[in-house]
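Here is the structure we will look at, set down as structure tokens.
In this note's numbering, the protein residues as written are 28 to 296.
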């Protein structure tokens with residue numbers, strides 16, 4: 028059996044981006060480790076989700092542990108950094124935030140875990156963090172450096188299939204012609220630069236058999252994903268269309284593009 032470390036930026040990223048694969052890997056008997064760079068303290072909490080006397084950071088880290096348990100993580104760690112907030116926000120300048128972290132210092136914190144676990148696999152994000160969030164970009168940089176420091180043999184970049192997202196625009200926003208706001212969101216999705224082109228992707232993992240765990244893990248992040256959120260109110264077929272596959276770019280792979288590989292752990296362990 029092998030060990031995979033899933034490295035993410037904020038509590039809830041793990042459920043949304045890699046929750047299906049984490050569940051499948053754990054079911055197969057491999058060891059799943061979840062590492063989160065930041066405490067998510069800059070997020071906007073749902074009303075009533077932060078009890079009196081608690082902080083959003085405390086709540087979100089507790090939610091991370093709950094979600095990790097649902098997804099089969101045997102160890103959940105926080106690297107100790109603050110949430111940097113969205114691009115160009117004043118919080119980007121906070122010396123305690125992840126965006127301001129020294130790459131080598133942060134990478135060594137992660138490398139310690141990789142060495143302790145003798146990790147066979149680490150997942151990070153693509154070069155622009157999927158959509159340009161500073162903490163996601165930093166996960167890419169720090170994760171690659173940590174893998175080099177620890178000698179972790181296989182590195183996968185979690186991404187989104189840009190071409191598929193564009194193709195799903197009409198399905199995701201059915202009826203948008205009658206709603207100007209939805210129509211605008213549909214156009215943004217049709218022209219999105221999020222994720223990576225299909226030709227750059229190496230792995231497409233069908234996680235439809237793990238959607239129950241994935242959705243429950245999202246729901247565990249109740250401070251960010253309320254019961255009324257679109258994540259949890261989508262019909263099952265729409266949820267499967269949006270979240271039933273997870274995409275990765277394997278560093279050093281012999282080939283990219285379709286047909287994508289369907290097993291992240293082929294030849295591991």
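The beta-carbon is built from N, C-alpha and C at its ideal position, and this holds for glycine as well. Quantities reported herein were computed from a predicted structural model and do not represent experimental measurements.
Helix or strand or just coil, what does DSSP make of residue i?
i: residue 130; result: helix
i: residue 91; result: helix
i: residue 263; result: helix
i: residue 200; result: coil
i: residue 119; result: helix
i: residue 292; result: coil
i: residue 109; result: strand
i: residue 65; result: strand
i: residue 167; result: helix
i: residue 151; result: strand
i: residue 142; result: helix
i: residue 102; result: strand
i: residue 233; result: strand
Can you tell me which of the options puts its alpha carbon nearest to the alpha carbon of residue i?
i: residue 195; options: 214, 179, 124, 184; result: 214
i: residue 35; options: 84, 103, 79, 86; result: 103
i: residue 121; options: 56, 161, 238; result: 161
i: residue 95; options: 170, 248, 253, 189; result: 248
i: residue 251; options: 28, 60, 84; result: 84
i: residue 279; options: 253, 228, 64, 66; result: 228
i: residue 186; options: 200, 221, 165, 212; result: 221
i: residue 242; options: 232, 226, 291, 261; result: 261
i: residue 39; options: 105, 272, 289; result: 105
i: residue 257; options: 31, 43, 32; result: 43
i: residue 67; options: 113, 31, 28, 29; result: 113
i: residue 233; options: 51, 119, 37; result: 51
i: residue 46; options: 283, 273, 290; result: 273
i: residue 155; options: 111, 184, 225; result: 184
i: residue 200; options: 240, 178, 110, 268; result: 268
Confirm, please, whether the CB-CB distance from residue j to residue i is below 8 Å.
i: residue 167; j: residue 182; result: no
i: residue 230; j: residue 285; result: no
i: residue 147; j: residue 295; result: yes
i: residue 130; j: residue 141; result: no
i: residue 70; j: residue 92; result: no
i: residue 134; j: residue 176; result: yes
i: residue 29; j: residue 57; result: yes
i: residue 283; j: residue 226; result: yes
i: residue 110; j: residue 163; result: no
Give the straight-line distance between the Cα atoms of residue i and residue j, rounded to the nearest whole angstrom.
i: residue 108; j: residue 173; result: 16 Å
i: residue 208; j: residue 245; result: 25 Å
i: residue 190; j: residue 79; result: 44 Å
i: residue 263; j: residue 270; result: 10 Å
i: residue 293; j: residue 235; result: 19 Å
i: residue 77; j: residue 193; result: 36 Å
i: residue 302; j: residue 205; result: Absent from the structure is residue 302, since the part of the chain shown begins at 28 and ends at 296.
i: residue 255; j: residue 281; result: 43 Å
i: residue 75; j: residue 89; result: 16 Å
i: residue 159; j: residue 117; result: 16 Å
i: residue 145; j: residue 210; result: 48 Å
i: residue 266; j: residue 138; result: 35 Å
i: residue 275; j: residue 73; result: 31 Å
i: residue 289; j: residue 31; result: 17 Å
What is the C-beta distance between residue i and residue j, in whole angstroms, given that I count them as a contact (C-beta under 8 Å)?
i: residue 59; j: residue 53; result: 5 Å
i: residue 64; j: residue 127; result: With 8 Å as the limit, residue 64 and residue 127 do not qualify as a contact, their Cβ atoms being about 12 Å apart.
i: residue 153; j: residue 223; result: 5 Å
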